[in-house]
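Participant:
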Amino acid sequence: MVQSVPADEAAENEPVNEAELTNAVAALTEEDIAPRERRRQLGRLVRLEVRERGIKDLFRPKRAINWVTDSVTRVAPYIPVRDLETLKAHHGGLEGDALAERLVRNASRVTAGIGAAGGGVAAVEWAVTPSLLSAPVLLAAETVAVVAVEMKLIGELHAVYGRPIEGNGTQRAFALIQAWAERRGVNPLRIGGSVAAAMGTALRKELRDRLLRRFGRNLSTLGPFLTGAAVGGFLNRRATLALGADIRKDLRKSAGPRVIEG
Numbered sequence: 000m001v002q003s004v005p006a007d008e009a010a011e012n013e014p015v016n017e018a019e020l021t022n023a024v025a026a027l028t029e030e031d032i033a034p035r036e037r038r039r040q041l042g043r044l045v046r047l048e049v050r051e052r053g054i055k056d057l058f059r060p061k062r063a064i065n066w067v068t069d070s071v072t073r074v075a076p077y078i079p080v081r082d083l084e085t086l087k088a089h090h091g092g093l094e095g096d097a098l099a100e101r102l103v104r105n106a107s108r109v110t111a112g113i114g115a116a117g118g119g120v121a122a123v124e125w126a127v128t129p130s131l132l133s134a135p136v137l138l139a140a141e142t143v144a145v146v147a148v149e150m151k152l153i154g155e156l157h158a159v160y161g162r163p164i165e166g167n168g169t170q171r172a173f174a175l176i177q178a179w180a181e182r183r184g185v186n187p188l189r190i191g192g193s194v195a196a197a198m199g200t201a202l203r204k205e206l207r208d209r210l211l212r213r214f215g216r217n218l219s220t221l222g223p224f225l226t227g228a229a230v231g232g233f234l235n236r237r238a239t240l241a242l243g244a245d246i247r248k249d250l251r252k253s254a255g256p257r258v259i260e261g
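Residue numbers (numbering that gives the first Met the number 0): 0 to 261.
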């Protein structure tokens, strides 16, 4: 169980272990994760969030958004994106539009499950106290997980439509972040550089603004837990379906994908 610490001691907490953060997020992107394990991994994210930012900061939505933005940037290079052959093997040989539809459907179910899991985290004694879960702390952790699922979906849709995202981990991360923030297909000519460099540009602001809109819309999940879980699951599912439709439409254009502007 996470133990509460005074706000002035929060800054003295040790930095969050990068591997622990990325492992928790990667686990939450899996299609076949069991509900109990989903709650456990979401609880890990909450615990990491409190450790890194401290309790006082995470009661402030703007500070929580900063944590979300930083965390998304850090985990993006490690999001497990499957190649086309792996996707076909995992989905009974489906390909093309049929495979894309299955991926969008499955991703929407995963993000809905993450939203619904929030209602169960309060009952898990090792997570945090229920009073903390009435603040933006839980929603910030959910948002990181949901964005990771959606970035994974974007990467896999590119593979399905014959445009796999090339490059090393940081280059692919840059492409996924930009595609998610702008809801567009990736222009392979613009894959390059580092995530850190990209986040020093206007893209960081665009990512943060998009996250802030998602975060604000999902504040309704912080109501009574059973109601909040239902609403959170519905909103996450709807958002993922809409994003998947946008990316698929972009990738299927006969003239090529609408590229990300410089």
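For glycine and all other residues, C-beta sits at the position ideal for the given N, C-alpha and C.
With contact counted as at least three CB pairs below 8 Å, one residue from each stretch, are the stretch 89-101 and the stretch 34-44 in contact?
Facilitator: no
Participant: Check this for me: beta carbons of residue 144 and residue 48, under 8 Å apart or not?
Facilitator: no
Participant: Between which two residues does the alpha helix (DSSP H) carrying residue 90 extend?
Facilitator: Segment: none, residue 90 is in no alpha helix (DSSP H) and carries neither H nor E.
Participant: Buried or exposed for residue 135, going by 16 or more other Cβ atoms inside 10 Å?
Facilitator: Residue 135 comes out buried.
Participant: Helix, strand or coil: how does DSSP classify residue 59 here?
Facilitator: coil
Participant: Quick one, which of 24, 71, 28 has its alpha-carbon nearest residue 172's?
Facilitator: 71
Participant: Which stretch, first to last residue, makes up the alpha helix (DSSP H) that contains residue 39?
Facilitator: 34-52
Participant: By alpha-carbon positions, which one of 67, 51, 247, 115 ends up nearest to residue 234?
Facilitator: It is 115.
Participant: Determine the extent of the alpha helix (DSSP H) in which residue 135 is found, giving its start and end residues.
Facilitator: 135-159
Participant: Going straight from the alpha carbon of residue 214 to that of residue 142, what length do you get?
Facilitator: 7 Å
Participant: Quick check on residue 82: does DSSP put it in helix, strand or coil?
Facilitator: coil
Participant: Whole angstroms is fine: what's the gap from residue 237's alpha carbon to residue 249's?
Facilitator: 19 Å
Participant: State the Cα-Cα distance for the pair residue 69 and residue 161, rounded to the nearest angstrom.
Facilitator: Roughly 31 Å separates the two Cα atoms.
Participant: Can you tell me the Cβ-Cβ gap for residue 83 and residue 159, rounded? I've got them flagged as a contact below 8 Å.
Facilitator: 7 Å
Participant: Hey, residue 185 and residue 148: beta-carbon distance below 8 Å or not?
Facilitator: Not a contact, by the Cβ cut-off of 8 Å.
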